[in-house]
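Following: one structure in structure tokens, then a few remarks.
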Amino acid sequence: MNASASETSSRRRAATLDVAVVGGGMVGTAAALALARAGLDVALLEACPPAVWSAGDDLDLRVVGLAPSSLTLLDELGVWTSIRAARAGRYRHMHVWDAGSGASIDFDAASEGRDALGYIVENNLVQWTLWQALEAAGVRRLCPAEVTGFAARGDRIQLPLAAGETLSAVLLVAADGAASPLRQRAGIGTHGRDYAQRAVVAHVGTERPHGQTAWQRFLVTGPLALLPLADGRSSLVWSLPEAEAQRVLALDDQAFRDELGAASDFRLGRITRTTPRAAFPLKMQLAERYQAGRFVLLGDAAHAVHPLAGQGVNLGLRDVAELRDTLLAARLAGRDIGAAHVLRCYARRRRSADTLDALGFDALARIYAWQLPPLVAARDLGVRLLDRLSPLKRQLSEHAAGL
Ligand SMILES: Cc1cc2nc3c(=O)[nH]c(=O)nc-3n(C[C@H](O)[C@H](O)[C@H](O)COP(=O)(O)OP(=O)(O)OC[C@H]3O[C@@H](n4cnc5c(N)ncnc54)[C@H](O)[C@@H]3O)c2cc1C
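Going by the working numbering, the first residue of the sequence shown is number 75, and it counts up by one from there.
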């Protein structure tokens, strides 16, 4: 089932706005809600109506691990309690181990004085809950609405829509995903790297309980993660070279379960059942700039990262919090929220933080691909040392949590 075919018709036509947010994925929807709650007049434009989330449906295949910083933002936006009550898998532990050397590292929420390291939640549950909260916050939802371009006109941006209407906003926020048509239209390039890998995803049942633990095994072909779901199953994210991913996708269920059991070192015993599988291409991509005039990027439109650290949407939600705080401060100081010097503060802070993280995840992917024995030995030593160096390990964990 889909949301109302055209929310546009039931909504007041927005001639002039403070902010137009393009892209109603998790990040764009959170941005529209956060900015409206900050007192701005906001419209959200999304090309495809979001799928309705229902407790009666099986868990959606696309899930994310939400870090504490994301839970804080969602809580401030008033949606976290209902997302958690609906369906969220808490994880208290993380066990990461190296198939090459066996060296492992463990993280534990209790030993860091926290009740969880994070929660595994369906993407469409987050998106749908945020989407529903928009109306009460006064956000104008324009959906389906495709933005065909934009142009600066004095102290505003004009946005012609495919339907013929033109919007005018002080600030244009693009959260239109990794392919971001608006980023391209703004002439902002990207750099990064195509991993020539795909992440094979499925929800699987296992012989032994997941124990509220996120399990991750680094194989030379790429990382394999089993993330604890609320219903006792685990969500698989298995990064593999293209050809291997295609082969694994084509296996029958029994052969797939057998291969996955072996690849996960039978840490949770045999794989007892599986949903159908899907696969997503993996790349690291960073926008050269996050701002141009009255235009800013956030979420995957600004940065796409390897899922090995489960941080993509967490970085996007940190962009949202930073943008909201920047605009609030500007407004309180009586400044133009779309002024380049205001937006540059947001862009500088988030781009440097995202760049460090993206390069860090990329370095991890490269280090775990090492196969030469001296390099494997060095990696082994490094991981064992890190596991014993509590202050450093804690710092790493707090960084991942966005604390
Ligand atoms: C296998 C896998 C596992 C992952 N696991 C994790 C994890 O554990 N933790 C984590 O934090 N992240 C994870 N990620 C990353 C996370 O899924 C993404 O970072 C996140 O979904 C990006 O959200 P977004 O809102 O920025 O973009 P998107 O979800 O891509 O949304 C963009 C929206 O813009 C709309 N749009 C595009 N163009 C237009 C237009 N012209 N007009 C109007 N609308 C438009 C699209 O319809 C879409 O709804 C994972 C990714 C993968 C592939």
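The beta carbon of each residue, even a glycine, is placed where N, CA and C say it ideally should be.
Proximity below 8 Å, CB of residue i to CB of residue j
{"i": "Pro361", "j": "Arg257", "result": "Contrary to the premise, residue 361 reads as Ala rather than Pro in this sequence. Cβ distance < 8 Å, so Ala361 and Arg257 count as in contact."}
{"i": "His169", "j": "Gln286", "result": "no"}
{"i": "Arg267", "j": "Tyr364", "result": "no"}
{"i": "Leu204", "j": "Thr103", "result": "yes"}
{"i": "Ala353", "j": "Ala273", "result": "yes"}
{"i": "Leu391", "j": "Ser128", "result": "no"}
{"i": "Ser313", "j": "His284", "result": "no"}
{"i": "Val101", "j": "Gly373", "result": "yes"}
{"i": "Gln232", "j": "Thr222", "result": "no"}
{"i": "Arg422", "j": "Glu396", "result": "no"}
{"i": "Val153", "j": "Ile194", "result": "no"}
{"i": "Arg453", "j": "Ser178", "result": "no"}
{"i": "Val275", "j": "Leu300", "result": "no"}
{"i": "Leu216", "j": "Ala329", "result": "no"}
{"i": "Leu438", "j": "Leu382", "result": "yes"}
{"i": "His380", "j": "Asp326", "result": "no"}
{"i": "Gly434", "j": "Ala304", "result": "no"}
{"i": "Leu191", "j": "Ile157", "result": "no"}
{"i": "Val244", "j": "Gly412", "result": "yes"}
{"i": "Val278", "j": "Leu334", "result": "yes"}
{"i": "Gly261", "j": "Gly99", "result": "no"}
{"i": "Arg468", "j": "Glu186", "result": "yes"}
CA nearest to the CA of residue i, picked from the options
{"i": "Ser242", "options": "Phe224, Ala248, Ala236, Pro255", "result": "Phe224"}
{"i": "Cys419", "options": "Leu389, Gly367, Ile441, Thr295", "result": "Gly367"}
{"i": "Arg344", "options": "Leu356, Arg331, Arg351, Ala352", "result": "Arg331"}
{"i": "Gly263", "options": "Ala106, Ala376, Ala319, Ala395", "result": "Ala376"}
{"i": "Trp289", "options": "Arg341, Tyr269, Leu216", "result": "Arg341"}
{"i": "Val387", "options": "Arg111, Glu196, Ala159", "result": "Glu196"}
{"i": "Pro315", "options": "Gln271, Ala219, Ile157", "result": "Gln271"}
{"i": "Arg214", "options": "Asp410, Ala395, Asp92", "result": "Asp92"}
{"i": "Thr295", "options": "His277, Ala324, Ser338, Gly279", "result": "Ser338"}
{"i": "Glu150", "options": "Arg453, Ala403, Arg398", "result": "Arg398"}
{"i": "Asp172", "options": "Leu372, Ile411, Leu298", "result": "Leu298"}
{"i": "Gly384", "options": "Asp134, Leu334, Ala432", "result": "Ala432"}
{"i": "Ala324", "options": "Thr429, Pro350, Ala404", "result": "Pro350"}
{"i": "Tyr269", "options": "Gly251, Met358, Ala112", "result": "Met358"}
{"i": "Ser464", "options": "Leu301, Val322, Phe435, Asp180", "result": "Asp180"}
{"i": "Pro302", "options": "Gly139, Leu114, Arg291, Gly113", "result": "Gly139"}
{"i": "Ala108", "options": "Ala177, Asp182, Leu208", "result": "Leu208"}
{"i": "Ala112", "options": "Ala404, Leu470, Pro447, Arg440", "result": "Ala404"}
{"i": "Pro124", "options": "Gly408, Pro218, Ala211", "result": "Pro218"}
{"i": "His473", "options": "Trp444, Tyr193, Ala162, Pro142", "result": "Pro142"}
{"i": "Ala248", "options": "Trp202, Glu186, Ala105, Arg453", "result": "Ala105"}
{"i": "Gly212", "options": "Ala414, Asp115, Gly98", "result": "Asp115"}
{"i": "Asp410", "options": "Ala160, Arg230, Tyr165, Leu446", "result": "Arg230"}
{"i": "Arg259", "options": "Asp182, Gly98, Thr146, Phe369", "result": "Phe369"}
{"i": "Glu120", "options": "Ala94, Gly456, His380, Leu455", "result": "Ala94"}
{"i": "Glu281", "options": "Gly306, Arg291, Phe292, Leu293", "result": "Gly306"}
{"i": "Ala160", "options": "Leu245, Trp444, Asp131, Ala319", "result": "Asp131"}
{"i": "Leu356", "options": "Ala110, Leu334, Leu446, Ala253", "result": "Ala253"}
{"i": "Leu246", "options": "Leu477, Arg462, Leu417, Ala475", "result": "Leu417"}
{"i": "Ala389", "options": "Ala236, Pro448, Leu477", "result": "Before going further, note that residue 389 is Leu rather than Ala in the sequence given. Ranking Ala236, Pro448, Leu477 by Cα distance to Leu389 puts Leu477 first."}
{"i": "Cys122", "options": "Glu220, Glu333, Ala319, Gln206", "result": "Glu220"}
{"i": "Ala210", "options": "Leu449, Val322, Ala110, His415", "result": "Ala110"}
{"i": "Val126", "options": "Ala414, Trp202, Leu235", "result": "Trp202"}
Residues sharing a beta bridge with residue i, DSSP
{"i": "Trp312", "result": "Val274, Leu298"}
{"i": "Tyr193", "result": "Leu140, Arg164"}
{"i": "Leu216", "result": "Leu119"}
{"i": "His265", "result": "Leu360"}
{"i": "Gly279", "result": "Arg347"}
{"i": "Ala352", "result": "Val275"}
{"i": "Val457", "result": "DSSP, once it has assigned bridges, lists no residue as partnering Val457."}
{"i": "Pro234", "result": "Thr240"}
{"i": "Arg227", "result": "Arg230"}
{"i": "Thr222", "result": "Paired residues: none, contrary to the question."}
{"i": "Thr90", "result": "Ser242"}
{"i": "Ala288", "result": "Met168"}
{"i": "Asp374", "result": "For Asp374, which the question treats as bridged, DSSP gives no partner whatsoever."}
{"i": "Gln365", "result": "Val370"}
{"i": "Val96", "result": "Leu119, Ala248"}
{"i": "Asp182", "result": "His167"}
{"i": "Leu293", "result": "Gly296"}
Contact test: residue i Cβ vs ligand 2 heavy atom, cutoff 7 Å
{"i": "Leu119", "result": "The ligand content of the structure shown is limited to ligand 1, which means ligand 2 is not among them."}
**OP:** Write down every uninterrupted run of the alpha helix (DSSP H) in the segment 377-447 whose length is 4 residues or greater and which is fully enclosed by it, in chain order.
**Re:** Taking 4 residues as the minimum length, the alpha helix (DSSP H) runs contained wholly in the segment 377-447 are 386-406, 414-441, in order along the chain.
Original post:
At what residue ranges does the segment 111-178 contain a whole run of the beta strand (DSSP E), taking only runs of 3 or more?
Top reply: You should have 116-119, 137-140, 163-165, 167-172.
Subject >> Segments of 4+ residues assigned as alpha helix (DSSP H) that fall wholly inside the segment 312-346 >> reply: Runs of alpha helix (DSSP H) with 4 or more residues, each lying fully within the segment 312-346, are found at 316-324, 327-337, listed in chain order.
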